[in-house]
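Trainee: Numbering (the UniProt record's numbering), first residue to last: 1 to 544.
Right under this line is the structure:
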């Protein structure tokens with residue numbers, strides 16, 4: 001019963017935090033408010049939930065990463081694939097090597113393998129915190145997509161590096177070839193399992209739907225179970241369950257472009273997933289806050305592990321870690337943008353929106369890489385003892401530093417990003433506007449063709465009826481589709497209701513198929529396709 005009450009209290013804290021950030025005049029990101037509420041629940045009321053890392057990874061990460069993979073713009077993912085790979089893999093390994101040595105130099109009591117493990121677990125970024133921080137000063141779409149794409153994959157690379165470092169700390173031997181093989185298996189097998197599992201389950205589900213029909217409720221439940229199936233199978237094969245969940249989401253996104261689902265299914269599925277995303281994201285940070293009182297209470301004992309007696313040294317170490325993380329990220333992003341700009345000038349890389357290595361722009365990307373609950377859950381999986389039974393060295397210190405780094409990075413981003421972004425000018429991006437216009441034209445053209453065909457069929461089969469009546473009906477249908485669902489379409493007469501409804505449904509289906517065709521042929525992004533299809537779904541549901 002206590003666990004139920006704690007879960008309900010965390011959900012209430014999520015609701016309160018979202019209300020607080022809207023009421024207060026100061027732009028405070030929701031994750032910081034949620035961490036504070038979690039801290040109060042555990043510290044002030046002495047009523048918190050202990051974080052179970054295994055349960056956290058199994059319950060929280062699969063659906064959230066699945067949804068990120070589902071909704072991220074595939075156009076941006078493909079277009080910025082090199083930048084995403086640089087940030088998600090090369091930067092992670094540079095962070096492990098660079099920050100690991102810095103930590104070992106600052107804290108000699110922390111063995112180098114443990115320093116590598118701590119550096120690895122603080123390398124993954126948290127897109128939820130970034131989007132919350134930038135909600136009042138939003139990032140440009142391409143910059144946001146780059147950060148989201150990075151976060152999809154650096155969780156996996158960071159956790160893989162973390163596991164290797166922990167194995168080394170436990171007395172295992174390190175081999176570059178063995179580590180490379182392990183990394184390739186975790187990565188490639190995880191991606192393959194996610195794709196194959198999702199495609200197989202979707203195929204079986206489509207067979208069932210074609211035979212017995214579709215109901216929105218079971219379809220929504222099916223989508224909720226998909227990420228857990230992919231994650232579980234990948235983990236059973238000792239592959240990356242995180243990448244399997246991401247791959248499952250990307251596969252689901254492409255499957256969605258087939259347009260097989262009912263409008264009611266798409267609308268209900270979106271509502272359920274939006275609610276789940278809000279709840280899980282918020283609960284992650286509330287849960288993080290609930291761990292802090294116990295972690296901070298041990299600060300005096302933790303500082304003794306470093307050879308000092310003043311707890312202020314812990315803050316010095318945390319600030320040094322955050323500074324090193326930002327510096328490494330700045331250098332990596334700057335080098336990538338400089339190289340891409342150079343290749344573009346030489347004609348070896350074509351991108352109309354290639355950005356110059358503007359120091360302020362690079363600083364935005366560097367500071368926006370904040371850390372979140374994944375870092376805390378990962379660092380808490382550090383073993384308690386070594387193989388010989390002795391205590392794991394600097395375990396409490398690593399947990400404390402990871403916790404402080406999360407908070408410091410959130411505070412730094414929330415305070416520094418808004419003023420920096422006001423001084424950064426971004427080039428006008430016309431691609432999205434052009435794609436929106438292309439989608440609008442396709443909707444108008446396809447619906448007009450469908451209505452014209454239906455109109456001709458009606459007149460041919462009912463020559464005695466007035467053509468003017470059918471023409472007026474067609475005008476009403478096209479007017480409704482051309483405008484948003486809030487438009488002032490005329491209500492049909494009772495006698496014409498069935499005919500007009502049939503005409504409108506046919507036109508909506510034709511318009512949706514035209515939008516999906518544009519998305520499948522990469523003429524518009526899947527993000528724009530979802531937005532346009534949602535408007536068409538609203539029109540169809542309003543008719544029912």
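Where is the CB? At the ideal position from N, CA and C, for every residue including glycine.
Short of 6 Å in beta carbon distance, which residues of its chain neighbour residue 530, apart from the five on each side in sequence? Order them along the chain.
Mentor: none
Trainee: Relative to the C-alpha of residue 16, which candidate in 278, 304, 497, 337 has its C-alpha closest?
Mentor: 278
Trainee: Is it buried or exposed, residue 49, if we count other Cβ atoms within 10 angstroms and call 16 or more buried?
Mentor: buried
Trainee: Assuming the contact rule is C-beta atoms closer than 8 Å, residue 169 and residue 124 should be a hit. Round their C-beta distance to whole Å, please.
Mentor: Residue 169 to residue 124, Cβ: 19 Å. No contact.
Trainee: Hey, could you find the ends of the alpha helix (DSSP H) residue 419 is sitting in?
Mentor: 395 to 422
Trainee: Write down the C-beta distance between residue 197 and residue 229 rounded to the nearest angstrom, noting that I regard them as a contact closer than 8 Å.
Mentor: Taking C-beta atoms under 8 Å as the contact rule, residue 197 and residue 229 qualify, at a distance of about 6 Å.
Trainee: Please state the DSSP three-state secondary structure of residue 125.
Mentor: coil
Trainee: Who are residue 385's beta bridge partners in DSSP?
Mentor: 391
Trainee: With distances taken from CA atoms, which of 222, 522, 119 is nearest residue 94?
Mentor: 119
Trainee: Cβ of residue 245 within 7 Å of Cβ of residue 254?
Mentor: One thing to note: residue 245 has its Cβ no nearer than 7 Å to the Cβ of residue 254.
Trainee: Are at least three pairs of beta-carbons, each pair with one atom in the segment 495 to 506 and one in the segment 35 to 44, less than 8 Å apart?
Mentor: no
Trainee: So, at 8 Å on beta carbons, what are the nonlocal neighbours of residue 445 in its own chain, with the 5 sequence-adjacent residues on each side left out?
Mentor: 514
Trainee: Just to confirm before moving on: does the CB-CB distance between residue 66 and residue 264 stay below 7 Å?
Mentor: no
Trainee: Taking Cβ to Cβ, would you say residue 398 is nearer than 7 Å to residue 379?
Mentor: yes
Trainee: How is residue 26 classed by DSSP in three states: helix, strand or coil?
Mentor: Annotated three-state conformation of residue 26 is coil, per DSSP.
Trainee: Alpha carbon to alpha carbon, how far is residue 3 from residue 476?
Mentor: 55 Å
Trainee: Sorted by chain position, which residues of the same chain lie with C-beta nearer than 8 Å to residue 257's C-beta, five sequence neighbours on each side aside?
Mentor: 516, 519, 520, 526, 529
Trainee: When the Cα atoms are used, what is the spatial distance from residue 431 to residue 524?
Mentor: Approximately 9 Å, taken between the alpha carbons.
Trainee: Cutting at 7 Å between CB atoms, please list the residues of its own chain near residue 272, excluding the five before and the five after it.
Mentor: 220
Trainee: Taking 7 Å as the threshold (C-beta atoms), are residue 240 and residue 156 in contact?
Mentor: A contact, by the Cβ cut-off of 7 Å.
Trainee: Which whole-angstrom value is the C-beta distance of residue 243 and residue 191, which I expect to be below 8 Å?
Mentor: The pair is a contact, with the Cβ atoms about 5 Å apart (cut-off 8 Å).
Trainee: Our contact map puts residue 34 next to residue 298 with C-beta atoms below 8 Å; I'd like the distance itself, whole angstroms only.
Mentor: Not quite, the Cβ-Cβ distance comes to about 23 Å (not below 8 Å), so this is no contact.
Trainee: Rounded to a whole number of angstroms, what is the C-alpha to C-alpha distance between residue 411 and residue 208?
Mentor: A straight-line Cα-Cα distance of about 50 Å links residue 411 and residue 208.
Trainee: Excluding the five sequence neighbours on either side, which residues of its own chain have a C-beta within less than 7 Å of the C-beta of residue 159, listed in chain order?
Mentor: 242, 378
Trainee: Answer yes if the segment 78 to 89 comes into contact with the segment 144 to 152, meaning at least three C-beta pairs across the two stretches below 8 Å, and no otherwise.
Mentor: yes
Trainee: Rounded to whole angstroms, what is the Cα-Cα separation between residue 69 and residue 63?
Mentor: 10 Å
Trainee: Can you tell me whether DSSP reads residue 107 as helix, strand or coil?
Mentor: coil
Trainee: Buried or exposed for residue 56, going by 16 or more other Cβ atoms inside 10 Å?
Mentor: buried
Trainee: Evaluate the contact criterion for the segment 99 to 117 versus the segment 310 to 325: three or more CB pairs, one atom per stretch, below 8 Å.
Mentor: yes
Trainee: Apply the 10 Å Cβ neighbour rule to residue 72 and answer buried if 16 or more other Cβ atoms are within range, or exposed otherwise.
Mentor: buried
Trainee: With distance defined between alpha-carbon atoms, name the residue in 178, 227, 161 nearest to residue 202.
Mentor: 227
Trainee: In whole angstroms, give me the CA-to-CA distance for residue 452 and residue 442.
Mentor: When rounded, the distance between both Cα atoms is 15 Å.
Trainee: Do you know offhand how far residue 404's Cα is from residue 178's?
Mentor: Just so you know, the alpha carbons of residue 404 and residue 178 end up roughly 33 Å apart.
Trainee: Kindly give me the distance between the Cβ atoms of residue 364 and residue 420, rounded to whole angstroms, as I take these residues to be in contact under 8 Å.
Mentor: Right, their Cβ atoms sit about 6 Å apart.
Trainee: For residue 18, I'd like the list of residues in its chain whose CB is within less than 7 Å of its CB, leaving aside the five on either flank, ordered along the chain.
Mentor: 30
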